[in-house]
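Notes for the one structure printed next.
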Amino acid sequence: MTTTELPRTVTEAPTDMVTHVVIGQRVAKIEGVDKVTGKALYGADTSRPGMLWGKMLPSPHAHAIITSIDLSAARALPGVFAVITGADLPGIVAKISDTDPTPEEFDTPSRGKQILAWKKVVFFGQPVVAVAAVTPAIAEEALALIKVVYEPLPVVVDPEAAMRPDAPLVQNAVFTETFSGKATTPSNIAKVTELSRGNVDEAIANAEVTVSGTFRTAMVHQGYIEPQACLAEYSADGRFTIWTSTQGQFGVRGGLSGFLKIPPRRIRVTASEIGGGFGAKGAMTLEPICTLLAYSAGRPVKMQLTRSEVLRATRPAPDAVMHVTLGARTDGTLLGARAAFIWDVGAYPGGGSVGGINCGFGPYIVPAYSYDGYDVLTNRPSTGAYRAPNGPQGAFAVESALDMLAGKLGISPITLRLRNAVREGDRNPSDVPYPRIGFRETLEAIENHPVWASPKATSSRPGWLRGRGVACGLWGGGVGTSMAHVNIGEDGSAVIVTGAVDLAGTRTTMAQIAAEELQIPFERVNIVQPDTDTAPFNNPTGGSRITYSLGTAVYRAAIDARTKLKQRASQQFRCPADEVDYRDGVFWVRSDPYVRLTIGQVARSAAGSGDGPVVGTGEVTHLLRAPAFATQLVEVEVDPETGAVQVVNVVAAQDVGRAINPTACEGQIQGGVVQGIGWALTEGYVYDEQGRLRNPGLLDYRMPTALDAPNIECVLVEVPAIDGPYGVRGVGEVPIVPTPAAVANAVFDACAGRVTSLPLSGEPVIVAISDARTGVDRSQMVTFNLGPISTGNSSAPEASVEEPKLATEVEDYCAEDDVAEPEIE
Amino acid sequence: MRAFAYHAPASLAEAVAILRREGPGGRVLAGGTDLLVQMKERGTVPRYVVSLRAVADLSHVTFQTGRGLVIGSRASLTDVITNRVVRERYPIIVESAGLVGSHQIQNLGTVGGNICNASPSADTAPPLIALSAILRLHSNQGPRELPIAEFFIGPGRTALEEGELLAEIIVPDPQPHSGGSYERYTPRQEMDIAVASAASFVILAPDGTVSHAKIILGAVGPTPLHARTAEAILIGKIPSGDLIEAAASAAVSDARPISDQRGSESYRRHLINVLTRRTLNRAIESARG
Chain W
0 MTTTELPRTV TEAPTDMVTH VVIGQRVAKI EGVDKVTGKA LYGADTSRPG MLWGKMLPSP
60 HAHAIITSID LSAARALPGV FAVITGADLP GIVAKISDTD PTPEEFDTPS RGKQILAWKK
120 VVFFGQPVVA VAAVTPAIAE EALALIKVVY EPLPVVVDPE AAMRPDAPLV QNAVFTETFS
180 GKATTPSNIA KVTELSRGNV DEAIANAEVT VSGTFRTAMV HQGYIEPQAC LAEYSADGRF
240 TIWTSTQGQF GVRGGLSGFL KIPPRRIRVT ASEIGGGFGA KGAMTLEPIC TLLAYSAGRP
300 VKMQLTRSEV LRATRPAPDA VMHVTLGART DGTLLGARAA FIWDVGAYPG GGSVGGINCG
360 FGPYIVPAYS YDGYDVLTNR PSTGAYRAPN GPQGAFAVES ALDMLAGKLG ISPITLRLRN
420 AVREGDRNPS DVPYPRIGFR ETLEAIENHP VWASPKATSS RPGWLRGRGV ACGLWGGGVG
480 TSMAHVNIGE DGSAVIVTGA VDLAGTRTTM AQIAAEELQI PFERVNIVQP DTDTAPFNNP
540 TGGSRITYSL GTAVYRAAID ARTKLKQRAS QQFRCPADEV DYRDGVFWVR SDPYVRLTIG
600 QVARSAAGSG DGPVVGTGEV THLLRAPAFA TQLVEVEVDP ETGAVQVVNV VAAQDVGRAI
660 NPTACEGQIQ GGVVQGIGWA LTEGYVYDEQ GRLRNPGLLD YRMPTALDAP NIECVLVEVP
720 AIDGPYGVRG VGEVPIVPTP AAVANAVFDA CAGRVTSLPL SGEPVIVAIS DARTGVDRSQ
780 MVTFNLGPIS TGNSSAPEAS VEEPKLATEV EDYCAEDDVA EPEIE
Chain F
0 MRAFAYHAPA SLAEAVAILR REGPGGRVLA GGTDLLVQMK ERGTVPRYVV SLRAVADLSH
60 VTFQTGRGLV IGSRASLTDV ITNRVVRERY PIIVESAGLV GSHQIQNLGT VGGNICNASP
120 SADTAPPLIA LSAILRLHSN QGPRELPIAE FFIGPGRTAL EEGELLAEII VPDPQPHSGG
180 SYERYTPRQE MDIAVASAAS FVILAPDGTV SHAKIILGAV GPTPLHARTA EAILIGKIPS
240 GDLIEAAASA AVSDARPISD QRGSESYRRH LINVLTRRTL NRAIESARG
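As you go down the protein sequences, you meet chains W and F in turn.
Reading the first sequence from the start, the letters are residues 0 to 824 in numbering that gives the first Met the number 0.
Reading the second sequence from the start, the letters are residues 0 to 288 in numbering that gives the first Met the number 0.
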């Protein structure tokens, strides 16, 4: 028998030639059985004895002063235990925290503070009053008995209109923020972001060819199937216990601690199984109001949003109006690029800024560029994170413009992108250099794919046209703090303890990492996610950071456990630890390989001897970001008579660094593509002139169904990241980024109509086809004129404006309809 | 959802007696796929609900030559779609009922409910009007019959009187040399509601001319609309491409669409032209056998 086999490499170096056993395997999701058998406990599945039900009264106005609220009848209704308005918030917080009332704090226009409308309502459906009652029906009865008198104010729901000096002010105390300071007069322009490199005017003037266009995306919702739900309980010892559907239980604990002005130790949060979040459940929604109701009522309170509440009053993604100009040489080399993006961030500041341009221009070497970003307030719900926040918008504008440029130059859209693709060392629009990346590899994967290489097929449906389009996308990568424990059981099995929420199957990938490093079978690893009192700290799940960051923590914890086990084995062998070898669950003494102990034997003995049982710990705070790139090829069929568009095939190439679980990677990619198809074809908030949302239900807010999902072939490109274990990169965000643009580019290829507004299915396609026939070029029509924007103390940013014209293609969606609108007055 | 009283009568007679006794403010529940969503999400607050789920004598789908097809108001869309006689003799009904919601919705939802919900975009309405269906309505006073074309008054509003419910839908015997077709436009492939729709039904005379034509437009008015000018263009003529184009153009002026979150007025007119032409082509092709 051979004497010594070396243990496998334990460095975090990604390029090692180690053969992995569990990493890279298509293992099934650990929690899959619980989910498909209905045993998994989601946000609304927990109940407590004596529990009440909380409901909120939504505003029927998009903008109005609250003149008076009569709560007497609601309070008198038997079964009602608590009724709270915005005006009650400071008093309750003061009682909970034993601090002085500070109503002024609630004057700050912050969605997080103003959990109920504060003096005025600023968007349709904004919660005005919250009640807790013994049944949901009594709670609704109580809401119906509340009389609110409103004094309606002028409404602005269009971001370009909101930028005009005479526009109604959404917030009285928002002052334009710029890099150089803050304005002194209130404005709907919450923030102006200016970025530039080189002399863009000169670069574009010297360009041999230019293209420009104005592109619009709609306000869209994340579309998680599980509406927000929360249960809060207050106990006499002054502690709050919260069960909630969230992407980050420690985020909720920290957020509530700040809101209630109490230390985190008085708050225990349990994250439920989550039915989708896509960024939206990274921020608190129900937790603060549910907590206040429970405190006021003296009983546990459960709240669960309805679908219409989810659509009306959570945090969708901002719509955007984006003007882009590209200048290039005739060989396609980009010389300069100019962008002005208007982000409709809704009624409260936050949610816009630079993400869109980092995703838009980020994949390309742009020697000279300028970007003016405007975060604009409107009477719509405040916006928030949605899968690769602002990436799909920015990519829609830039990738559409690139497609126009490729067409003008008569070169392949892939050739154009390869000519300008960033490599390691190139800098992104925020001037951060890229580490090793796999962008070109994704382009080449599509270029070499049989679908791209073969001639375009024709539709089997008479009259339908077929087209294909390409677009790329980037997500910078998510990082943050993660911790994990790996508890070794007496049988040598392992339990990973983490406080991170599993949004996307990461329990399984974590177990794979632990199994790999402990060299035990995957089936012997379990993973639990206990509450904030029990689990080690974790930042919320989001930004594609979990497999990367928590994966690093689990990797380190598993190696720590293995090292400790080896030390325990050495105590049992009575030899120095560095004489002990380990492989695949067996320890032996190097000098005498017949002296062996299994991992189970070592663990069992360690439970009552030597240094005791083993817990491995791992933590990570800030890895180097690992950018992920994607290139997608989309094939569509278009009915030129109705404008119907069906996506029939997608090839999605993505640099995943290292696929821990290829099935999980493909699931993420396919999910992102389907969401992107929703953005492209059918999804979008529709408001009337009074600022009322016309489609607060899944009938008229049209997410793709299974029948709208095409065949999606995933091509996993593996260019290892330079930090973290195995070269892994975050996978979840980037696949949504290219899809809307790729669909629009494919539609253009099919019918020669360039659609610049999303969602595009139906009428926009008809209009684009007709424009192409009649020679109308709407892509050249700038439909907004920013004009000088007074920020009070900084020079006016220059807007990229050519031939300002008024909007010509605004569709009137706002007439009365057959479907009754929510009766919420 | 607010509190409400729930009645589950075992017979039609009992059901109408409850409606009579309880008076205004009640809603009749068949499959519940529209009503429950309205009660949960859209602020519909009935004082009481009368469920037909336990009523045994309303679930039939029968055909008798001379009497036609009779669909009980409790029969599910699936009952209708999977019925052999309906599939053979009334394909246009199968075509439209099969578009309502999903399989799950079709297992619960009813043709009767689709009609009584009176949405201008209801998929089963245009074909049933095109086929000149008769509705049998019941109240405590007994039954009465009403042509389905006279049933729709406005969005969500019908000719049902207080204390009355829909018991049966009667579709006349199929005619020789007839053909029908229904098409709609939806942004999604399925699980969607029509932005505009059209049902065409024609009967050809032995000389090949159109002897009878019905064109019913959905989602382009407060109720399903009769495209009378379009029909008139066809009568007595031998169908040709030009004739069908002319009828489709006429249907556009028969439509009275509005702009809303599902589509603009102009886009709906555009769709009516396309859908009328397509359904007429298919109806005529099928009538020619």
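We put the beta carbon where it would ideally sit given N, CA and C, even for glycine.
Problem set entry | Rounded straight-line distance, which links the Cα of W/P48 to that of F/R19 | 42 Å
Exercise. Can you find a C-beta in chain W that's less than 7 Å from the C-beta of F/M38?
Worked result: no
For this session: On the DSSP bridge assignment, give the partners of W/G683 in chain order.
Result: Bridge partners of W/G683: none, in fact.
For this session: Answer with buried or exposed for W/M321, where buried requires no fewer than 16 other C-beta atoms within 10 angstroms of its C-beta.
Result: buried
Problem set entry | Residue span of the beta strand (DSSP E) that contains W/D490, given as start and end | For W/D490, no beta strand (DSSP E) run applies, since DSSP gives it neither H nor E.
Exercise. Helix or strand or just coil, what does DSSP make of W/S458?
Worked result: coil
For this session: Please classify W/I224: is it buried, with 16 or more other beta-carbons within 10 angstroms of its beta-carbon, or exposed?
Result: exposed
For this session: Report buried or exposed for F/Y5, applying the criterion of at least 16 other Cβ atoms within 10 angstroms of its Cβ.
Result: exposed
For this session: Below 8 Å on the Cβ atoms is my guess for W/R379 versus W/M218; work out the distance and round it to an integer in Å.
Result: Correct: roughly 6 Å between the Cβ atoms.
For this session: Please list the segments of the beta strand (DSSP E) lying wholly inside the segment 127-213 of chain W, counting only runs of 3 or more residues, in order along the chain.
Result: 146-151, 174-177, 180-185 and 188-196
Exercise. Mind pulling the chain W residues with CB within less than 9 Å of F/R187?
Worked result: L680, T681, R701, M702, P703, T704, L706, D707 and S760
Exercise. Who are the neighbours of F/A2 on chain W, taking C-beta pairs under 9 Å?
Worked result: T134, A136, I137, E139 and E140
Exercise. By the criterion of Cβ-Cβ separation under 8 Å, what are the contact partners of F/L270 in chain W?
Worked result: T641
Problem set entry | Beta-carbon proximity list for W/A12, same chain, < 8 Å, skipping 5 on both sides | Per-residue confidence for W/A12 stands at a pLDDT of 39, beneath the threshold of 50, marking its modelled position as unreliable; the derived number appears in the next sentence. Here the set comprises nothing.
Problem set entry | Cα-Cα separation, F/L274 to W/D402 | Going by the C-alpha atoms only, they are around 33 Å apart.
Exercise. From this set, W/T457, W/P362 and W/T329, which residue's C-alpha is nearest W/S411's C-alpha?
Worked result: W/T329
Exercise. Measuring CB to CB, does W/R252 end up less than 7 Å from W/I261?
Worked result: no
Problem set entry | Alpha-carbon to alpha-carbon, W/L502 and W/G276 | Straight-line Cα distance between these residues: approximately 7 Å.
Exercise. Taking the alpha carbon of W/K565 as the point to measure from, which residue in W/R573, W/Y581, W/A557 and W/T551 has its own alpha carbon closest?
Worked result: W/Y581
For this session: Spatial neighbours of W/S793 within its chain, please: CB distance less than 7 Å, with the 5 preceding and 5 following residues excluded, ordered by chain position.
Result: With a pLDDT of 36 at W/S793, under the threshold of 50, the modelled position of this residue cannot be trusted; read the value that follows with caution. Closer than 7 Å at the Cβ level, and outside the excluded window around W/S793, lie T177, S179 and G180.
Problem set entry | Contained beta strand (DSSP E) runs [length at least 3] in the segment 325-403 of chain W, N- to C-terminal order | 333-345 and 367-376
For this session: Flag this pair as touching only if the segment 70-83 of chain F and the segment 100-112 of chain F have three or more C-beta atom pairs under 8 Å; answer yes or no.
Result: yes
Exercise. Mind pulling the chain F residues with CB within less than 8 Å of W/I765?
Worked result: Per Cβ cutoff of 8 Å: Y266 and H269.
Problem set entry | Cβ-based neighbour list, W/Q125, same chain, cut-off 7 Å, excluding 5 preceding and 5 following | P57, S58, A116 and A312
Exercise. What are the start and end residues of the beta strand (DSSP E) that includes F/I70?
Worked result: Element bounds for F/I70: G67 to G71.
Problem set entry | C-alpha distance - W/G479 paired with W/S604, whole-angstrom precision | 37 Å
Exercise. Which of the three DSSP states, helix, strand or coil, is assigned to F/D241?
Worked result: helix
For this session: Provide the residue(s) that pair with W/F586 in DSSP beta bridges, ordered along the chain.
Result: Per DSSP, W/Y581 and W/L596.
Exercise. Taking any Cβ of chain W, which residues in the segment 162-195 of chain F have a Cβ under 8 Å from it, in chain order?
Worked result: Y184, P186, R187, Q188, E189, M190, D191, I192 and V194
Exercise. Of the choices F/V84, F/L164 and F/Q37, whose alpha-carbon is the least far from that of F/S10?
Worked result: The option with the nearest alpha carbon to F/S10 is F/L164.
Exercise. If you draw a straight line from the alpha carbon of W/A576 to that of W/G550, how long is it in whole angstroms?
Worked result: 27 Å
Exercise. Does DSSP put W/E732 in a helix, a strand or coil?
Worked result: coil
Exercise. Which residues in the same chain have their Cβ closer than 6 Å to the Cβ of W/C229, if we skip the five residues on either side of it in sequence?
Worked result: T243, L285, E286, C289 and M302
Exercise. When the distance is taken between beta carbons, is W/V154 closer than 7 Å to W/Q689?
Worked result: yes
Exercise. Near W/P391, what residues of its chain come up, given a Cβ to Cβ distance below 6 Å and the 5 sequence neighbours on each side ignored?
Worked result: W678, I735, V736 and P739
For this session: Name the one or two DSSP bridge partners that W/K54 has.
Result: W/V130
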